[in-house]
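So the protein lines, in turn, are chains A and B. For the first sequence, full-length UniProt numbering assigns the number 1 to the initial residue and increments by one for each residue that follows. For the second sequence, full-length UniProt numbering assigns the number 1 to the initial residue and increments by one for each residue that follows. The beta carbon of each residue, even a glycine, is placed where N, CA and C say it ideally should be. All values reported here derive from a predicted model rather than from experimental measurement.
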Amino acid sequence: MAPAKKRNVSSVKTAEKSAKKAKVDLSKTVERILESRKHANDVFDILESLQAEQEKEVIGAVAACSELFCALLERKELFLGKLPGEEDALSGGYSAEDKYRIFMRHRYTSCVEILLEHLSHEQYDIKESAMCCLMKFAAGEGRHPLEDLDWSEHYSFPRELIQALVDNLLSKATDNSLLISRFQEFLEMEDVRYYVMSSIRDNVGKVMDKSKGAVVPVYQNNVFTLMSSISMPNQESELTNFMVKQEGFLNAIRSSATQEHKRVFERMWLGFLKYKLPNSMYKKVLVILHDSILPYMSKPTLMIDFLTAAYEIGGAISLLALNGLFVLIHQHNLDYPDFYKKLYNLLEPSVFHVKYRARFFHLANVFLSSSHLPVYLVAAFAKRLARLALTAPPTALLVVLPFIYNLIRRHPSCRVLIHKPSAEDEPFEDPYLTDEEDPAQCRALESSLWEIKSLQKHYHPDVAKAALLINTPLSEQEDDISETLEVTTYELMEKDLKQPEIKSVPLEFETATRLLKGRGDVLGQHFCLA
Amino acid sequence: MGKAPKKRSLADKVRKTKTSSEIKNNPFEVKINRKKFDVLGRKSKHDVGLPGVSRSKAVNKRKETLLKEYKQKNRCSKFIDRRFGEYDTKMAPEDKILQRFTMERQRVHEKKDVYNLNEEEELTHYGQSLAEMEKFNDVVNSDDESEEKGLLSAELTASHFGGGGGLLRKKALGEEEEGGQRAKSRQELIEELIQKSKQEKRERQVQREEAQELTEKLDQDWKNIQSLMVKKTPKADKQEEKPKLEEYDMMVRELGFEMKAQPSEKMKTPEELAKEEREKLQKLEADRLRRMMGEEVVEGAQSQIHFSADDLNDGFILDKHDKKTLAYQDGKWNMGEEEEEEDEAEDEEGEGESSEEQESDAEEDEVEEEEEEEEEEEEEGSGEDDGHSDLESEQESENEEEEEASPKPKKTLSKEEVKAQQEAAKAELPYTFAAPESYNDLKDMLRGHTSDNQRLIVARTQKSNHPSLAVGNKLKLQKLFGFLLEYIGELATRSPPELSTIDKLIPEVYALCQMFPDAACKAMQSILGDAAHSMEETLEVKGHAAFPTLDMLIYLKVTALLFPTSDFRHPVTTPALLFISQALTKCPVRSLQDLTSGLVLCSLGVEYVSFSKRFLPELINFLVGTLHLAVQDKASLGYIVVPPFRASGKYSDLLVLSSSESCRSWSKKSLPLSATQQLDLENDPDRDTHRLTCLSTCLDLVKRCCLLYKDLPSFTHIFQPIRTLLSKHLSTQTLPEPLQELSSEIVEAISSTPVTQSALVFDKRKPIPLKLLTPKIVEVLDYGKKRGSTREEREKERLKHKYKREFKGALREIRKDSRFLAREKLNEVMNRDAERKRKVKELMGSLATQEGEWKSLKRKKK
């Protein structure tokens, strides 16, 4: 530690005081080192406190380091070019000036190493300050490159430093999402983002190859968090925010900056998605896919493999993959064979119960809005949905029923599903084949929507009313289902609970005497009070 | 031009002398405006015009106005009338005259009468001195009054009001001057009338005098004969007759005022009573059905609380069941046998009690009364629930005509026990309670009492704070309902839950709910809303939620007890059903407790829809899921399990038996409701028993559902998974005999329903009538009115039209004015010329005479 230090150990607030004092001392030490070279050996004190136990001391040391080495970088007092070993430096024929620089350069390297280690420290504050410090170093190095420059325009960016930072950020053991969200602020700078993206790709390739295709949830989660926090610029004009001077960067990536950005972005995502993902990760990726990934890819069609794979998985993931597929089909002329058949097979009772119900029905509405679809297909969808409606909760029913009505409205030849006067008298069995996978073979057109007839007896008044509509010819106007897509059960309940004025509530006229007794009591048949 | 005005003026002169009728009858004066067609019932003022009359009128008017103006033209001097208010048009002429008069008086007074003390001007009325009149010299003949009652003649009015003077004077004037024919005849008529009446009067007077003379004469004669006659005086009879009449009157009056026998209610035969009962129930049932169908509620028709004509609006509710009226049957007390068929718990004590109660004084103090009731009960040793009968008797005493007795629970306690309890209660409990102000008050009040006593306390609180007793009581009791609900919730959350206390409190809750439906609805809604809201929140965070706790299950059950579950839409039961469905879809089953909760919810669900037979998909889903839990081999299912259940997973074997041994020892027992909260089953046999019980409950519910939804068109599709489950999977497993039977029954029921359906068609509608091509005829009732425009447009049209007419009229008037003026000017010029001519002639004449004279003089000189 620094000399001339008299500690008052007896005091109660020793720790705090000492921390404060240490800070003051550290800044003094930094000043001293910067003042004259004879105090150069004090740098070891700083490095020592950098590895201390106490959080405050470490943070103070980090601050001191960043001050010291930034200043040294500024003064170009760090050795440039290929660094000789420490022993070589002592023995080799270097001038005193060079020796000093080599010494300091070595200290700088060790400091960076310690800081990188700190990135996986358990204390968040230390992680954060270490990261900030490293970024400062990166900025300093960018301005005053440590490599020998062959020609003056040569652009140099501290790639190694960024690469090391990213490698440590994407930890395999701990969830770094908090730190990554802090890192997001640096990602706003164009050059940092560019190099971070390429570093991620390298890192992912390395790590996943090592794991040989197995899933690494924590790591992949970190990667996803980092990647999803990258927000791409929309236009070239926006490329204004740089960490290192601009011309150099633009020269380094010769072609159009946005194009290059997009290419790197795309390669990063493809590199990530090419490996096997945990199911929850599929959902996360698919949720943001159409919004914040596809638009920034130079060749969105490259995603087709991933989307197809996701679509094959089934369940909620297929539903989500639908969205990405839709964008590809709609905007990029993707030809997807048997799309409707697959969509038809996606329809199973669980679609009404999953979280992404609203999104699914929104998309299904878009897919089925074309009036050029064959009648058999639309009828199959309508019948299938009606059949599934028998197990659906009321909130879903309030979406599905108008949905089916809209299908029938768009395709008037489907009206036979609810109005078949020719076969009015003779009763027949429902010819619809539930298990048939091909909508063309399921004989939906020969059937009728008896399910909706059944739902007219549904317990919820709104559903019953909606189901009653098939008793009369449907109106011309299509129902807008977008309003009911997101309705929750509680909102439905509130409609009854929050009625402004209830005039005379009907009451049960049968006198209640016991809890489990009375007309139509079922509970009492199976349960008793005690 | 020069001639015409002369002619006209001559014609005007002639016209002036003639009466209007003469003019009208003169065909030369009349111009008839030809009508194009006749309209019945229309009166036109303009069919006959009198051009001459109107022209002369116009000319006269112009002479008075335009001519004067013309004459005044270019003159500086002007005649100004300086009389007071002469040019003030705003002043009424009477005011003017009055003001002028006072001013003159003042002027005169100032000058002359400064020293005049006494002398005043004489006041007159129609020229007669008022001072004279005040002496009333001319007294009206009083003889006339008797006969002339109600007759009004001109003379009479004249003499009475003095107003006839004008008439009289007019008459005098009329005699003098020669007026119109009509005026003359009228005056003559009046004169004739007066003469006639005078003559009559005179004649009548003469007659009367004669009659009086005759009677006097008769009296004289009678007195002479009287002494000769026997003294049989009919006059005495007459005198007695009068008091007799009065007596009769009095009697009549007395009879009228005497207390009549009050028309009592007709004593009803048991048949009538039963019929009434049935009708009332039928009405309520019809009401319920109507609400179930979701028809629009007709105002007034559905008021749940039936007010009888005698209702004092004191919250006393006439119960539908046991309206007993004091009735005789074959000369004996009718002891209410008719009720026995319905409720055997209805006993004779109740009847006897009520009859006794009727005898008791209604004005008695409440507390005393209650004590008395207690004693009575003790004496009778009734087996009723003490608190409840207390409540009843109280109500009975309040309203003697109608007794209420809600159906009593079956005797559960022996007589001795009840008696002991009653005594204990009598020793401990006060009879009045203040209504609790807060929930804690209620808790304090009920703490440490047995459940029966708690109920008694609540009942007495309710009694002693009856809304008819004080103003604020209604609010207090409404609050009490909320507190009670909260208390029920708390009882249910205690461990172990005190469900029997809740059970005891149910009648009180029901009674309060009947009293204040709105408040009860609000309280229940807030409970449901809170529970649903918290569930929604956990769902948003976690995606699934825990099963509702026991208090919520109890609340749901209480809701079913208090409110009709069959209504198409009900402010309480609809949300409650939604809550059940939400819980059944979103709460994953992870333990046997969860499953028990789920089955409780299912039973409640079945209960809610059992009357209306509404379709509750979540119920079927849950039952399928439950059955799925019991399937051992989860491969090749053949049906789809709906969330919250999973086809396979950690908790998908909850109901699979650990050993088939337990099947033999198992027998059906009711599960305690507390099993939804905690379940300690240490060993496998216990667990298996519980599993089997759950399974049997589930199967029973499935069976009920089968019966409920038998009529749904998609019945087979709805029950397809259950059928597959039962016939393919569960039948292969070893299950106790009753369960096997149950499941085979269900499979039977499902497969026996017809699978064929007739195709859907729209409802038959009334055919839309063809378009008819006959013209539409609109009856026009007001000709000349513009139609088919808005009010503003019509107003604008009207104003435009008016303006046009006025403009034309004004133009015509101006033209006439200028024509008139031109004529006048011409007249003037001609008059002037004629004057000049005359003067020249005169001059020439005089000159000629002068010349002649001079010549003659000259000749004379010569």
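Status (buried if at least 16 other CB within 10 Å, exposed otherwise) for residue i
| i | result |
| --- | --- |
| residue 462 of chain B | buried |
| residue 555 of chain B | buried |
| residue 842 of chain B | exposed |
| residue 344 of chain A | buried |
| residue 308 of chain B | Bear in mind that a pLDDT of 48 at residue 308 of chain B, under 50, signals an unreliable position, so the number given afterwards is only what the model happens to contain. Answer is exposed; the Cβ neighbour count stays below 16. |
| residue 734 of chain B | exposed |
| residue 854 of chain B | exposed |
| residue 606 of chain B | buried |
| residue 645 of chain B | buried |
Alpha-carbon spacing of residue i relative to residue j, whole angstroms
| i | j | result |
| --- | --- | --- |
| residue 624 of chain B | residue 459 of chain B | 44 Å |
| residue 632 of chain B | residue 703 of chain B | 22 Å |
| residue 488 of chain A | residue 395 of chain A | 6 Å |
| residue 190 of chain B | residue 197 of chain B | 11 Å |
| residue 687 of chain B | residue 726 of chain B | 22 Å |
| residue 251 of chain B | residue 221 of chain B | 43 Å |
| residue 851 of chain B | residue 839 of chain B | 18 Å |
| residue 60 of chain A | residue 100 of chain A | 25 Å |
| residue 216 of chain A | residue 73 of chain A | 39 Å |
| residue 385 of chain A | residue 363 of chain A | 15 Å |
| residue 616 of chain B | residue 272 of chain B | 42 Å |
| residue 136 of chain A | residue 66 of chain A | 7 Å |
| residue 857 of chain B | residue 844 of chain B | 19 Å |
| residue 512 of chain A | residue 282 of chain B | 19 Å |
| residue 165 of chain A | residue 41 of chain A | 28 Å |
| residue 493 of chain B | residue 592 of chain B | 19 Å |
| residue 682 of chain B | residue 482 of chain B | 40 Å |
| residue 621 of chain B | residue 642 of chain B | 6 Å |
| residue 171 of chain B | residue 187 of chain B | A caution first: residue 171 of chain B carries a pLDDT of 45, below 50, which makes its placement in the model unreliable, though a value can still be read off. When rounded, the distance between both Cα atoms is 7 Å. |
Contact test: residue i Cβ vs the ligand ADP heavy atom, cutoff 7 Å
| i | result |
| --- | --- |
| residue 168 of chain A | Ligands displayed in this structure: none; no statement on the ligand ADP is therefore possible. |
Proximity to residue i [Cα-Cα], best of the options
| i | options | result |
| --- | --- | --- |
| residue 493 of chain A | B/770, B/469 and B/535 | B/535 |
| residue 670 of chain B | B/596, B/657, B/646 and B/737 | B/596 |
| residue 737 of chain B | B/107, B/667, B/769 and B/719 | B/667 |
| residue 484 of chain B | B/437, B/25 and B/641 | B/437 |
| residue 139 of chain A | A/160, A/123 and A/231 | A/160 |
| residue 529 of chain A | B/199, B/498, B/451 and B/598 | B/498 |
| residue 539 of chain A | A/277, A/434 and A/477 | It is not possible to answer for residue 539 of chain A, since the shown part of chain A is limited to 1 through 530. |
| residue 300 of chain A | A/509, A/327 and A/378 | A/327 |
Contact between the segment 174 to 192 of chain A and the segment 219 to 227 of chain A (3+ Cβ pairs under 8 Å): yes
Go through the segment 659 to 693 of chain B residue by residue and report every complete run of the alpha helix (DSSP H) that reaches 4 residues or more, in order. 662 to 665
Counting beta carbon pairs with one atom in the segment 675 to 683 of chain B and one in the segment 602 to 616 of chain B, are three or more of them shorter than 8 Å? no
What are the start and end residues of each continuous beta strand (DSSP E) run of 3 or more residues lying completely inside the segment 584 to 610 of chain B, in chain order? none
Pick out the complete alpha helix (DSSP H) segments inside the segment 458 to 504 of chain A, 4 residues or longer, and give them in chain order. 461 to 468 and 489 to 497
For the 8 Å Cβ check, are there 3 or more pairs between the segment 469 to 484 of chain A and the segment 397 to 412 of chain A? yes
Ordered list of alpha helix (DSSP H) runs contained in the segment 386 to 421 of chain A, each at least 4 residues: 394 to 410
Entirely within the segment 604 to 654 of chain B and at least 4 residues each: give me those alpha helix (DSSP H) ranges in chain order. 617 to 629
Can you check the segment 520 to 576 of chain B for any alpha helix (DSSP H) of at least 4 residues that lies completely inside it and give the ranges in chain order? 550 to 562
Could you tell me which whole alpha helix (DSSP H) segments of length 4 or greater appear in the segment 431 to 459 of chain B? 439 to 446
Decide if the segment 451 to 460 of chain A is in contact with the segment 707 to 716 of chain B; the criterion is three or more beta carbon pairs, one per stretch, under 8 Å apart. yes
Jot down the residue ranges of each uninterrupted alpha helix (DSSP H) in the segment 711 to 792 of chain B, minimum 4 residues, whole runs only, in chain order. 715 to 718, 720 to 724 and 737 to 752
Unbroken alpha helix (DSSP H) runs of length 4 or more, entirely within the segment 274 to 330 of chain A: which are they? 279 to 288 and 304 to 313
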